[in-house]
Amino acid sequence: MSRLDRWFELLSRQSARRVSRRHWLSRFGTALVGGATLPLLPVARAADKHVVGEDGVKGPEGDPTRCEYWRHCAIDGFLCSCCGGSHTACPPGTEMSPVTWIGTCRNPADGKDYIISYNDCCGKTFCGRCMCNRNEGERPLYHWYRNNDLNWCGGAKSQTYSCSTAIVVKAAKEPQPET
Amino acid sequence: MKVSLTAALILLAASTVAADSYEEHDYTLNCSGCHRMNGAGSSVVPSFDGMRDLAGKPGSREYWIRVPGAAQAPLTDERLAALMNWLLKRFTDEAPEPPYTASEVARLRREPLRDPVGERRRILTAPRR
Numbered sequence: 033m034s035r036l037d038r039w040f041e042l043l044s045r046q047s048a049r050r051v052s053r054r055h056w057l058s059r060f061g062t063a064l065v066g067g068a069t070l071p072l073l074p075v076a077r078a079a080d081k082h083v084v085g086e087d088g089v090k091g092p093e094g095d096p097t098r099c100e101y102w103r104h105c106a107i108d109g110f111l112c113s114c115c116g117g118s119h120t121a122c123p124p125g126t127e128m129s130p131v132t133w134i135g136t137c138r139n140p141a142d143g144k145d146y147i148i149s150y151n152d153c154c155g156k157t158f159c160g161r162c163m164c165n166r167n168e169g170e171r172p173l174y175h176w177y178r179n180n181d182l183n184w185c186g187g188a189k190s191q192t193y194s195c196s197t198a199i200v201v202k203a204a205k206e207p208q209p210e211t
Numbered sequence: 009m010k011v012s013l014t015a016a017l018i019l020l021a022a023s024t025v026a027a028d029s030y031e032e033h034d035y036t037l038n039c040s041g042c043h044r045m046n047g048a049g050s051s052v053v054p055s056f057d058g059m060r061d062l063a064g065k066p067g068s069r070e071y072w073i074r075v076p077g078a079a080q081a082p083l084t085d086e087r088l089a090a091l092m093n094w095l096l097k098r099f100t101d102e103a104p105e106p107p108y109t110a111s112e113v114a115r116l117r118r119e120p121l122r123d124p125v126g127e128r129r130r131i132l133t134a135p136r137r
């Protein structure tokens, strides 16, 4: 027993001589804060699959403020989730246009295609944040029925474009054909 | 036993037909963006409710396939024929009689209308035969 005591005493004295109290406190603090922030890293969040989104559709949580988010595959505009709204709701003071660009995107979580409606929010000057122009499946202007370069605020009260949403309409029976 | 087996087979066949039909999918992907899910349209896009005014009038059957949105839709003749049969039943309460076929749709969509608004007016104001 006394040997164990002596060993601990030696260890404590050695560390007291070599390491300052502030040094130890700073290390301990780093470990404490570092451990708490670890789940906030994208690596930890990517591991968390099958989270149910705002509209009840399962999928990797992802980040709706990023252009790479799966529902943005056919979008062309500023993401409303960066502009005071969300990927399903307009920012305050804007109105959702009734006419909209529609496409399909594949959800990587279940490998299924979904019909996505990119309703524009109109009525305030353009948001200017998180520009995202993926437009997958879009065709040049001479294929007018597959061209997205329109002001979709044409059907709203105000024709001033602010930002775009990405709303899941329902599951698609097939991906949008490439023709 | 035989009756219930037949009924089960009929139900199975009916559900397979429903699962294989693309009308609602094609409507959502190709029409609803502008005409909206309920067909109401907007200040810049006509409402499908206006189809009732044309129903039964000479020339309307051809007009509905020759309008730009239908004639130039990125759908095969078969899928467009099925979609238009479904769409007319939904918005005029009467499916076209006889139903559109792929060959009829193929023939009509080759002649898209240059003036759809004018053609609509002409059908509506034409004297009764």
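So the protein lines, in turn, are chains A and B.
When we follow the working numbering, the leftmost residue of the first sequence carries the number 33, and every step to the right adds one.
When we follow the working numbering, the leftmost residue of the second sequence carries the number 9, and every step to the right adds one.
Note that beta-carbon positions come from the ideal geometry of N, C-alpha and C, so glycine has one too.
Q: Could you spell out the range, first to last residue, of the alpha helix (DSSP H) harbouring Gly135 (chain A)?
A: Element bounds for Gly135 (chain A): not the alpha helix (DSSP H) but the beta strand (DSSP E), Trp133 to Asn139.
Q. Since Arg44 (chain B) meets chain A, which of its residues come closer than 8 angstroms, beta carbon to beta carbon?
A. Pro130 and Val131
Q. Measuring CA to CA, which of B:Trp72, B:Gly77 and B:Tyr108 is closest to Ala89 (chain B)?
A. Comparing Cα positions, the closest option is B:Tyr108.
Q | Cut-off 8 angstroms between Cβ atoms - residues of its own chain near Lys202 (chain A), not counting five sequence neighbours on either side | A | Tyr146 and Ile147
Q: Take every Cβ of the segment 97–113 of chain A, pair it with every Cβ of the segment 191–199 of chain A, and state whether three or more of those distances are shorter than 8 angstroms.
A: yes
Q: Report the rounded CA-to-CA distance for Ser50 (chain B) versus Val131 (chain A), giving the unit in angstroms.
A: 7 angstroms
Q: Return the CA-CA distance between Arg161 (chain A) and Ser58 (chain A), expressed in angstroms with no decimal places.
A: 38 angstroms
Q: Scan the segment 141–167 of chain A for residues whose Cβ lies nearer than 7 angstroms to a Cβ of chain B and list them as they occur along the chain.
A: Along the segment 141–167 of chain A, the positions whose C-beta sits under 7 angstroms from a C-beta of chain B are Ile147, read in chain order.
Q | Val113 (chain B) classed as buried or exposed, judged by whether at least 16 other C-beta atoms fall within 10 angstroms | A | buried
Q. Quick one: what does DSSP say Cys122 (chain A) is sitting in, helix, strand or coil?
A. coil
(Q) Using only the alpha-carbon positions, how far apart do Ser23 (chain B) and Gly116 (chain A) sit? (A) Summary for Ser23 (chain B): the model assigns pLDDT 49, below 50, so the residue's position carries little reliability; its value from the coordinates is reported in the next sentence. Their Cα atoms are separated by approximately 44 angstroms.
(Q) Output needed in chain order: residues of the segment 81–108 of chain B with a Cβ under 9 angstroms from some Cβ in chain A. (A) For the segment 81–108 of chain B, the set of positions with a beta-carbon nearer than 9 angstroms to some beta-carbon of chain A reads Ala81, Pro82 and Leu83 in chain order.
(Q) Once the 5 residues before and after Thr136 (chain A) are set aside, which same chain residues still bring their CB inside 6 angstroms of it? (A) Asp145, Ile147, Ala204, Pro207 and Gln208
Q: Note down, in chain order, every chain B residue with its Cβ under 7 angstroms from the Cβ of Ile209 (chain A).
A: Reading off the sequence shown, one finds Pro at residue 209 (chain A), where the question assumed Ile. Near Pro209 (chain A) (Cβ distances below 7 angstroms), the residues of chain B are Pro82.
Q: Taking only heavy atoms of the ligand COA into account, decide whether any of them is closer than 7 angstroms to the Cβ of Pro96 (chain A).
A: Inclusion of the ligand COA in the displayed structure is not the case, the ligand content being empty and no account of it being possible.
**Q.** Beta-carbon proximity list for Gly169 (chain A), same chain, < 6 angstroms, skipping 5 on both sides
**A.** Cβ within range, chain order: Ala106, Gly135 and Gln208.
Q: Just the C-alpha distance for Glu102 (chain B) and Cys42 (chain B), rounded to the nearest angstrom, thanks.
A: 23 angstroms
Q) Mind pulling the chain B residues with CB within less than 8 angstroms of Ala204 (chain A)? A) Chain B residues near Ala204 (chain A): His33 and Leu37.
**Q.** Given Leu116 (chain B) as reference, the closest of B:Arg60, B:Thr36 and B:Gln80 once Cα atoms are compared
**A.** B:Gln80
Q: Go through its chain and collect everything with a Cβ distance to Glu119 (chain B)'s Cβ below 7 angstroms, but skip five positions before and after it.
A: Arg74
(Q) Is Ser40 (chain B) close to chain A? Criterion is C-beta to C-beta, closer than 8 angstroms. (A) yes
Q: Using a Cβ-Cβ cut-off of 8 angstroms, state whether Val52 (chain B) counts as contacting chain A.
A: yes
Q.
Can you give me the C-alpha to C-alpha distance between Gly77 (chain B) and Asn151 (chain A), rounded to a whole angstrom?
A. Roughly 20 angstroms separates the two Cα atoms.
Q) For Arg166 (chain A) versus Asn179 (chain A), is the C-beta spacing smaller than 8 angstroms? A) No, they are not a contact pair.
Q | Alpha carbon of Val53 (chain B) to alpha carbon of Ser129 (chain A), nearest angstrom | A | 12 angstroms
**Q.** Ser190 (chain A) beta carbon less than 8 angstroms from that of Cys164 (chain A)
**A.** No.
Q.
Taking the alpha carbon of Glu70 (chain B) as the reference point, which residue from B:Ala134, B:Phe99 and B:Glu127 has its own alpha carbon closest?
A. Cα-wise, what sits closest to Glu70 (chain B) is B:Glu127.
**Q.** Enclosing beta strand (DSSP E) for Tyr71 (chain B) [first to last residue]
**A.** Premise fails: Tyr71 (chain B) lies in the alpha helix (DSSP H), Ser68 to Arg74, not in any beta strand (DSSP E).
**Q.** Contact belief for Leu91 (chain B) with Glu31 (chain B) at Cβ below 8 angstroms, rounded distance in angstroms
**A.** Confirmed, about 5 angstroms.
(Q) In the DSSP output, which residue or residues are listed as bridge partners for Val200 (chain A)? (A) A:Ile148
Q.
For a contact defined as C-beta to C-beta under 8 angstroms, what are the partners of Arg98 (chain A) on chain B?
A. Here the premise fails: no neighbours, minimum Cβ distance about 25 angstroms.
(Q) Using only CA atoms, which one of A:Thr69, A:Thr62, A:Phe40 and A:Asn139 lies nearest to Glu100 (chain A)? (A) Out of A:Thr69, A:Thr62, A:Phe40 and A:Asn139, A:Asn139 has the C-alpha closest to the C-alpha of Glu100 (chain A).
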